[in-house]
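Every letter in the sequence shown is one number past the one before it in my numbering, and letter 35, counting from 1, is 17.
Report on one structure; see the data block that follows.
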Amino acid sequence: MTESEYERYSTLAELAELYYLKGMQQAEIAQKMNISRSLVSRMISEAQQKGIVSISVNHFFRRSEELEKRIKKQWGVEAAVLCLPPRLNADERKRQLGRFAADLIYDVLSAGSIAGFTFGTSLKETVESLLMKPPKNIIAVQLTGSLGASEAAFDSHELVHKLSLSWNCSSVFLHAPLIVNSEEIRRQLYKSRSNRLNAETCRKLDTVVVGMSSFDSRNSSALYTGGHVSAGDMSDMRKAGIIGDLGSFSLDKNGNLVEVDSLTRMMALSDTEWKNIDNRMGIAFGNNKIDIIRASLKGGWLTNFVTDESSAERILN
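Written as C-alpha cells, this is what we have:
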C-alpha cells in the first residue's frame, strides 16, 4: 500500500467511525472534518466499497446432509451442499453460494494460514463475503497469472488485492499474465525476484480456493473471454478431450490432466504442487459445470467442495 493509499484509508476509517460507531450526523462530521456534507456522503459510500465498513446480515443456511454423505462416500471429499430456493436466479444463487463458502473458509483458516486464490465469478462472490470478517495473521497468495483487463473483476490479482486491503494482511502477487508466449519466458518470469517469492510461498500453502470453467461454449471459459486462447485453440482442446478447467488445470471427463501447449506456458502451480496442499476447496454450481465438477472429484483434485443442491443431485446421477 502506498503512502497516499494509506492516508486515504485512514481518513475513510476515521470518518466511518464517527458516522457508524459514534452516531454523528453527516452535517456534524462535515463541520468537524472541514469538508462538505456531500463529500461526507460520498466518503461513507467509498468506505463501504473498499471494505473498510462492512454491514453484516446474518444468513441462515440449510444444508443437505444426505447429499454431502453420498458425495463423500463416492469421492472421499468433504462436501458442503447448500439448499437454495428454486426462485433464485443464477446471480442470486452465486451470491448465496459465495456467502456460504466464505463461512466454510473461515472454519479452515487459522492464525498463520497461507491461502491461495485462483480466479472466477464464484470466487469473486466468495471474496466479497470474506471481506466482511478479516481473520488474523493470514497471507493471501495469487495463484495464477492475470487474466487481463476484460476480466479484472474476478482476476486472481484483483481478488488477492481486495483481501489484502480489507484483511490488512500480507499478500504475495504473481507479476505475469496467465499464459505467456513460451516455456522459456515462463521460466525467466519465475526467476524474477518478486515471482521467486510467489513460488517459495506457494510451496508453503495450506489452503487454496478454486473456481471451475466449462468448455461447453466459448463464453464459459475465462481463458477464451480473457483472450488467452483463440476459438481454434478451444476447438483443439475439446478435440483433445478437455471438458473444462479447474483453475489452471485442463481436465478430461475422468479428471486426468490433459497436456496441451498452453499448459506448459501457464503461470500457475504444477499439478504435483497442487495436490500437496492440505485444503483444496472448489466452488461451482450450474448445469454447464456438471462435467467439470465430476471430473475434478474423480481426479482427486479437491479435498473440499461447495455447491448447491440441484448440482449435487446431478453429479451423483
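Backbone N, C-alpha and C fix where the C-beta goes; we use that ideal spot for every residue, glycine too.
Burial state of residue i, where buried means 16 or more other Cβ atoms lie within 10 Å
i	result
S302	This structure does not reach residue 302, given that the chain is present from -17 up to 299, and the question cannot be answered.
R276	buried
G193	buried
A166	Residue identity differs from the one stated: residue 166 is Glu in this sequence, not Ala. Exposed, by the Cβ-count rule.
S20	exposed
D273	buried
N286	buried
G58	exposed
E182	exposed
S152	exposed
N180	buried
A29	buried
G214	exposed
L3	exposed
R301	No statement about residue 301 is possible, as the shown extent of the chain runs from -17 to 299 and does not include it.
R44	exposed
C-beta contact flag for residue i and residue j at 7 Å
i	j	result
L187	I120	no
M248	I161	yes
A294	L49	yes
T189	A83	no
V288	A62	yes
V240	A222	yes
S252	G226	no
K280	G229	no
D301	L86	Residue 301 lies beyond the range of the chain shown here (-17 to 299); nothing can be said about it.
P116	L91	no
F136	T103	yes
R52	L298	yes
M6	L(-3)	no
E107	K76	yes
F197	L141	no
S138	F101	yes
M219	V242	yes
S244	G264	no
G209	A158	no
V22	Q31	no
R81	S111	yes
L125	G33	no
Beta carbon proximity, residue i to chain B, threshold 7 Å
i	result
S278	In summary, chain B is missing from the structure at hand, where a single protein chain is found.
For residue i, the first and last residue of its enclosing beta strand (DSSP E)
i	result
L228	G226 to L228
M263	N261 to I265
F231	F231 to L233
Residue range of the unbroken alpha helix (DSSP H) whose run includes residue i
i	result
I26	R19 to Q31
A217	Reading the sequence as shown, one finds Ser at residue 217 and not Ala. Counting along the chain, the alpha helix (DSSP H) containing S217 begins and ends at A213 to K221.
L(-3)	E(-15) to A(-2)
R247	Counting along the chain, R247 falls outside any alpha helix (DSSP H), and DSSP gives it neither H nor E.
I297	E291 to L298
S278	I272 to K280
W283	From DSSP, W283 is part of no alpha helix (DSSP H); its letter is neither H nor E.
K4	Counting along the chain, K4 falls outside any alpha helix (DSSP H), and DSSP gives it neither H nor E.
Review point. In chain order, which beta strand (DSSP E) runs of at least 3 residues are fully inside the segment 99 to 155?
Key: 121 to 124 and 152 to 154
Review point. What are the complete alpha helix (DSSP H) segments, minimum 4 residues, inside the segment 53 to 108?
Key: 72 to 90
Check your understanding: On the three-pair Cβ rule with 8 Å, is the segment 175 to 184 touching the segment 265 to 279?
Key -> no
Check your understanding: Any chance the segment 61 to 70 sits against the segment 28 to 39, with 3 or more Cβ pairs inside 8 Å?
Key -> no
Check your understanding: Unbroken alpha helix (DSSP H) runs of length 4 or more, entirely within the segment 168 to 214: which are they?
Key -> For the segment 168 to 214, whole alpha helix (DSSP H) runs of length 4 or above, ordered along the chain, are 175 to 184 and 204 to 207.
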